[in-house]
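Working notes, beginning with the structure itself.
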Amino acid sequence: MDPVTAAQIRRFVVTPLAPAGATDEQLDRALDAVLVVAPLDSWRFDGHWYVSELASVADLQRIVDEVVGGKDR
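Numbering (numbering that gives the first Met the number 0), first residue to last: 0 to 72.
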C-alpha cells in the first residue's frame, strides 16, 4: 500500500473535523499541528479511516478545534 500523504490527512481527517467555513490557511495550520502530534509516517488507512496510533479521534478533534477555533461546535 502507498504511504499516506499530508494531502490525504488534510482532506480526510482535518477538513471533516473542522467547522464549516474554515479557511485554507486554518486547515493548513491544523494539519501542521496534527502532524506534530502524529507524524506522517505514523498514519495508515485501515479501509475506512486514516488512523495513527499516536492520536485518537478525540485528540485530533481537540487539535483542530484549538487551531481553527471551533471549540463551540
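A virtual CB, placed ideally from N, CA and C, is assigned to each residue, including glycine.
Rounded straight-line distance, which links the Cα of residue j to that of residue i
i	j	result
Ile62	Leu39	16 Å
Pro15	Leu34	16 Å
Asp31	Trp48	19 Å
Ser51	Asp58	11 Å
Gln7	Val56	16 Å
Collapsed DSSP secondary structure at residue i in the structure displayed
i	result
Arg72	A caution first: Arg72 carries a pLDDT of 43, below 50, which makes its placement in the model unreliable, though a value can still be read off. Note: Arg72 maps to coil in three-state DSSP.
Ala6	helix
Ser41	helix
Ala29	helix
Ala57	helix
CB of residue i within 8 Å of CB of residue j, strictly
i	j	result
Leu26	Ala17	yes
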